[in-house]
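Student: Numbered per our numbering, the sequence shown spans residues 110 to 948.
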Amino acid sequence: MISLKKIFLITVALYFPFCASADRYSTKIYTSGVSLELAQKRKAEIKNVHYRLLFQIPETKETPIKGEESISFTYNKDISDIILDFKAESTQLKKVEVNGRQAAFTFKNEHIILDSTLFEHGYNNISILFVAGDKPLNRNIDYLYTLFVPDHARQAFPCFDQPDIKARFSLTLEVPKGWKTIAGGKQIKETDYENRKTVSFKETEPISTYLFSFVTGKFETKSCLRGGRQVNAYYRETDSKKTAQLPIIFDQVFSSIKWMENYTKIPYPFSKYDLIILPGFQFGGMEHVGAILYNDKRMFISERPTPDEELNRVELIAHETAHSWFGDMVTMKWFNDVWTKEVFANYMASKISTQQFPNFNHQLNFLKAYQINALEEDRTAGTHPIQQQLDNLQNAGLLYGNIIYQKAPVMMRNLELQMGSEAFRRGLQKYLRQYAFSNADWDNLIDILSKEAPHAKLKEFSEVWVKQKGMPDITAKLSNGKMIVTQNDPFNRGCLWKQQFKMAILANGNVTQIVDIDMKGRTATAKVKNARSENIIPNYDGIGYGRFIIDNNNTQRLLSEWDKEKEINREAILMTIYENFLMHKLQADDCATSLLEGLRKEKNALIASTCCNYLSTIVFQQKGQSRLTSERQMWEMSNNHTIPSCRQKLKRALFTLATDPTVIANLYKLWKEQKDESLNEDDYISLSYQLALRKQTEWESIINEERGRISNIDRRREFDYISRGCTPNEAEQNKLFNSLLQQENRTVEPWAERLLTLLNSPLREQFANRYITPGLNALQDIQRTGDIFFPKGWVTALLSGHQSKEAKGLVKTFLMSHPDYPSALKNKLLQAAYYLLNE
Numbered sequence: 110m111i112s113l114k115k116i117f118l119i120t121v122a123l124y125f126p127f128c129a130s131a132d133r134y135s136t137k138i139y140t141s142g143v144s145l146e147l148a149q150k151r152k153a154e155i156k157n158v159h160y161r162l163l164f165q166i167p168e169t170k171e172t173p174i175k176g177e178e179s180i181s182f183t184y185n186k187d188i189s190d191i192i193l194d195f196k197a198e199s200t201q202l203k204k205v206e207v208n209g210r211q212a213a214f215t216f217k218n219e220h221i222i223l224d225s226t227l228f229e230h231g232y233n234n235i236s237i238l239f240v241a242g243d244k245p246l247n248r249n250i251d252y253l254y255t256l257f258v259p260d261h262a263r264q265a266f267p268c269f270d271q272p273d274i275k276a277r278f279s280l281t282l283e284v285p286k287g288w289k290t291i292a293g294g295k296q297i298k299e300t301d302y303e304n305r306k307t308v309s310f311k312e313t314e315p316i317s318t319y320l321f322s323f324v325t326g327k328f329e330t331k332s333c334l335r336g337g338r339q340v341n342a343y344y345r346e347t348d349s350k351k352t353a354q355l356p357i358i359f360d361q362v363f364s365s366i367k368w369m370e371n372y373t374k375i376p377y378p379f380s381k382y383d384l385i386i387l388p389g390f391q392f393g394g395m396e397h398v399g400a401i402l403y404n405d406k407r408m409f410i411s412e413r414p415t416p417d418e419e420l421n422r423v424e425l426i427a428h429e430t431a432h433s434w435f436g437d438m439v440t441m442k443w444f445n446d447v448w449t450k451e452v453f454a455n456y457m458a459s460k461i462s463t464q465q466f467p468n469f470n471h472q473l474n475f476l477k478a479y480q481i482n483a484l485e486e487d488r489t490a491g492t493h494p495i496q497q498q499l500d501n502l503q504n505a506g507l508l509y510g511n512i513i514y515q516k517a518p519v520m521m522r523n524l525e526l527q528m529g530s531e532a533f534r535r536g537l538q539k540y541l542r543q544y545a546f547s548n549a550d551w552d553n554l555i556d557i558l559s560k561e562a563p564h565a566k567l568k569e570f571s572e573v574w575v576k577q578k579g580m581p582d583i584t585a586k587l588s589n590g591k592m593i594v595t596q597n598d599p600f601n602r603g604c605l606w607k608q609q610f611k612m613a614i615l616a617n618g619n620v621t622q623i624v625d626i627d628m629k630g631r632t633a634t635a636k637v638k639n640a641r642s643e644n645i646i647p648n649y650d651g652i653g654y655g656r657f658i659i660d661n662n663n664t665q666r667l668l669s670e671w672d673k674e675k676e677i678n679r680e681a682i683l684m685t686i687y688e689n690f691l692m693h694k695l696q697a698d699d700c701a702t703s704l705l706e707g708l709r710k711e712k713n714a715l716i717a718s719t720c721c722n723y724l725s726t727i728v729f730q731q732k733g734q735s736r737l738t739s740e741r742q743m744w745e746m747s748n749n750h751t752i753p754s755c756r757q758k759l760k761r762a763l764f765t766l767a768t769d770p771t772v773i774a775n776l777y778k779l780w781k782e783q784k785d786e787s788l789n790e791d792d793y794i795s796l797s798y799q800l801a802l803r804k805q806t807e808w809e810s811i812i813n814e815e816r817g818r819i820s821n822i823d824r825r826r827e828f829d830y831i832s833r834g835c836t837p838n839e840a841e842q843n844k845l846f847n848s849l850l851q852q853e854n855r856t857v858e859p860w861a862e863r864l865l866t867l868l869n870s871p872l873r874e875q876f877a878n879r880y881i882t883p884g885l886n887a888l889q890d891i892q893r894t895g896d897i898f899f900p901k902g903w904v905t906a907l908l909s910g911h912q913s914k915e916a917k918g919l920v921k922t923f924l925m926s927h928p929d930y931p932s933a934l935k936n937k938l939l940q941a942a943y944y945l946l947n948e
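1. Return the CA-CA distance between Leu227 and Glu312, expressed in angstroms with no decimal places.
2. Quick check: the region 321 to 336 against the region 251 to 258, are there 3 or more CB pairs under 8 Å?
3. Residues in its own chain within less than 6 Å of Thr595 by CB, not counting five upstream and five downstream?
4. Go to Asn404, then tell me how far its beta strand (DSSP E) extends in each direction, as first and last residue.
5. At a threshold of 7 Å, does Gln538 count as lining the ligand FMN (C-beta to nearest heavy atom)?
6. Tell me which residues share the same chain as Cys128 and place their Cβ nearer than 7 Å to its Cβ, disregarding the 5 neighbours each side in the sequence.
7. Look up Asp627 in the DSSP assignment and give the residues it is bridged to.
8. At which residues does the beta strand (DSSP E) containing Lys586 begin and terminate?
9. For Val240 and Glu569, I'd like the C-alpha separation in whole angstroms.
10. Leaving out five residues on either side along the sequence, give the residues of the same chain with a beta carbon under 6 Å from the beta carbon of Pro285.
11. Would you kindly check if the distance between the Cβ of Val728 and the Cβ of Met701 is under 8 Å?
12. CA-CA distance, Tyr943 and Leu524?
13. Please report the straight-line C-alpha distance between Ile623 and Ile652, rounded to a whole angstrom.
14. Check whether the Cβ atoms of Gly707 and Cys721 lie closer than 8 Å to each other.
15. For the putative contact between Gln354 and Phe409, defined by C-beta atoms under 8 Å, what is the C-beta separation to the nearest angstrom?
16. If contacts are defined as beta-carbon pairs under 8 Å, then Leu223 and Ile180 qualify, I think. What distance do you get, rounded to the angstrom?
17. Just the Cα atoms here: how many angstroms apart are Leu554 and Gln496?
18. Entirely within the region 219 to 291 and at least 3 residues each: give me those beta strand (DSSP E) ranges in chain order.
19. Under the rule that 16 or more other beta-carbon atoms within 10 Å means buried, what is Lys381, buried or exposed?
20. Here's the rule: buried if 16 or more other CB atoms are within 10 angstroms of the residue's CB, otherwise exposed. What is Met369?
21. Do Ala483 and Ala532 come within 8 Å of each other at the CB atom, strictly closer than that value?
22. Secondary structure at Leu596, three-state DSSP: helix, strand or coil?
23. Let me know if Asp929 comes out buried or exposed under the rule of 16 or more other beta-carbons within 10 Å of its beta-carbon.
24. Once you ignore the five residues that flank Lys629 on each side, which residues in its own chain have a CB closer than 7 Å to its CB?
25. Can you tell me the Cα-Cα spacing of Lys712 and Ile752, whole angstroms?
26. Please name the residue in Pro871, Asn639, Thr430, Gly399 whose C-alpha comes closest to that of Met457.
27. Taking Ala906 and Asn869 to be in contact with their CB atoms under 8 Å, please state how far apart those CB atoms are, rounded to whole angstroms.
28. Determine the extent of the alpha helix (DSSP H) in which Glu841 is found, giving its start and end residues.
29. Bridge partners for Met441 per DSSP, in chain order?
30. For Glu827, count neighbouring C-beta atoms within 10 Å of its own C-beta (all shown protein chains included) and say buried if the count is 16 or more, exposed if not.
31. With a CB to CB cut of under 6 Å and the five nearest residues on each side skipped, what residues in its chain are close to Asp890?
32. Determine, using beta carbons only, whether Gly142 and Glu219 come nearer to each other than 8 Å.
33. CB Glu874 to CB Ser913, shorter than 8 Å?
34. With DSSP run on the structure shown, which of helix, strand or coil describes Phe876?
35. If we call anything under 8 Å between Cβ atoms a contact, is Ala714 one with Pro414?
36. Within 10 angstroms of the Cβ of Ile513, are there 16 or more other Cβ atoms? Answer buried if so, exposed if not.
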């Protein structure tokens, strides 16, 4: 290691190689980011990588973080250069040594380029002094956490930042004395001196750079020891009612680990499991080896949680835990297959939640959690294949979304049905054993699974479900004693989605026949008893994936009869009604009337939740008196519905929907008194924002009163940032919007999204239209500087409150004036703009 005390500035001579060899660096290998060509070159040449890292963390977040590292590796030497990734300013690179000697290098396009003559065939070592980049270190006043997925490790320290060069990491942190430290390895040594301390951690197992992590700062901690394994929780929450949930969280962690060990027949593959619960965390969770990060609002849920909240938390914990096997132990070769780790994390989570909550209808929950959310993106013009193309790692963040998180589990359920559950499980176990602590791609897995179930023709199945975009449009008719079901490819490629599902025939208000459909080709035919075509209920069990188009003569029957069916069938028919509403085959007023009537009688909390979600969209599109009537009915049910979580869900929906003066007055009284125990502090905070928008003359008093109720310092910081968006002063609104265009003003991305949402509230539609074009112009910068979910979050916050023709025209103009816009980013825009552009 190089002593930090001997840092000196790089001399001009170190840059001479760049001047002399500029012509050498014109290929894709030397472009900014991490190109596929560079990754493939390095994978062939570099093995057995070890990083020894030291970071000096100052107490004030404005002070730069100094670092030093030693990278050792085995080099299969050829005549090409060694290229390290470091996305930083040249001034952040202080000194480079190769095999103990100071080395000349070129610093270009986010790369440190070292001539091959500096290296030996076999073992080599590079030592570097540097100043770490702040962006992926997420520095706050008294804590920080790293977030390197997908390619942000190179922003913090020089490295080979690609998933298929796995390495062992040894870490030392120098931090303020009162701070806790957490990393991927176990702590092995701590040395105190004055007001500082140095903490060293055990070397990790072989992991990808995006999975290396550390957290330090002021945290509370609680531990749980079971069966010889200790799990530590670190958190900043001060509300004792929320931290009282930690025993439940520990239960769910240990149960998830046990289930995964049993299913895979592979013990937990890493030396430790700690969890860190963070305020304002950008994701729901992140599966860093040994130091899993979680969002505080997803972990510390309501005192009286809805079934949705309970299931979401257990599925989140199960998802991140499953990643220890799928993603951490076996990792994709390249980020075009990032979905392979996400599909198994979600699919295993759906199975784990079934064990932990046996009294829930999990087939129904699968429809709600995965199928409905998959349709949300797959129906849009921004849909894309599950497996996408990726030429450079700097664009990997754009691959994330509902298609890989929710559609992929739908695909995997169909694949398991094609194979059989035991063959599927055997194949996964072989896959994990074969590629443990290594890398694999989707085709590697399909090869293994195909051997377990050759009859399933999985490569043919995969070609459509995984490698092609979209979903089928499915219609059905009755003719001459047969039901004929037809699937059509909306993109006219001739794709056929192999799947199985059920259809039903309705006569005189009763289901008289259930028909099994096996879609192997464009059409499927099944014998039925005599019945009229308008009596078909499509996708009766919800297992089918696609847009099931209702015959025009059958629409009113479904609207009037859906609430009389069994649970799973009610959920499935609701999905069909909603999709046909979005296809303009049903009117908003008719749908609102049907869903409100059905919701009034609904006894299942999950179906009630789906109904409330759909109503939020449908009522938003209603006009005039019809909308006011719907809002009043929602308010009435929010006080007297038999399901507590439904009452809670309806009130939350009305926070943002309410336009009726009576409903607004009732919400104000609700907020003022704060006696509704079904609502929590976050609910009342959210309600205060919406009331401040609706009561402009009282906005300051509302915000000040709510602020006085907040005791937690992190929540108060969040409130102070977001509540500024409630100002009725248009000049201040403009100033706030313009501030969001500067990267330094949107460092906590969930807060920035909520502020932007307030600025683009439907109540400000006409004035806020002026933000659409500059907000879209900023999208590429948002993608370049933000984390993986921020581009979609940004454009959703920008557009979701808009309905006007002017807003639609602005988006269309932007799209037409940018014909060469990056396709993956354009997809995010088209997904977010769906409801605005849907015609």
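Glycine is no exception: its CB is placed at the ideal position from the N, C-alpha and C atoms.
Tutor: A quick look at the data gives this:
1. 27 Å
2. yes
3. Thr584, Thr632
4. 400 to 404
5. Ligands in the displayed structure: none, and consequently the ligand FMN is not present.
6. Only weak support exists for where Cys128 lies, its pLDDT of 34 falling under 50; the coordinates are left without a value.
7. Gln609
8. 582 to 588
9. 50 Å
10. Glu168
11. Checking the displayed sequence, the identity of residue 701 turns out to be Ala instead of Met. Closer than 8 Å, so yes.
12. 29 Å
13. 14 Å
14. no
15. 6 Å
16. With a Cβ gap of about 11 Å, Leu223 and Ile180 do not count as contacting.
17. 14 Å
18. 220 to 223, 231 to 240, 252 to 254, 276 to 285
19. buried
20. buried
21. no
22. Just to set this straight, residue 596 is Gln in the shown sequence, not Leu. In this structure, Gln596 counts as strand in the three-state DSSP scheme.
23. exposed
24. Lys607
25. 7 Å
26. Thr430
27. 7 Å
28. 839 to 849
29. Ala549
30. buried
31. none
32. yes
33. yes
34. helix
35. no
36. buried
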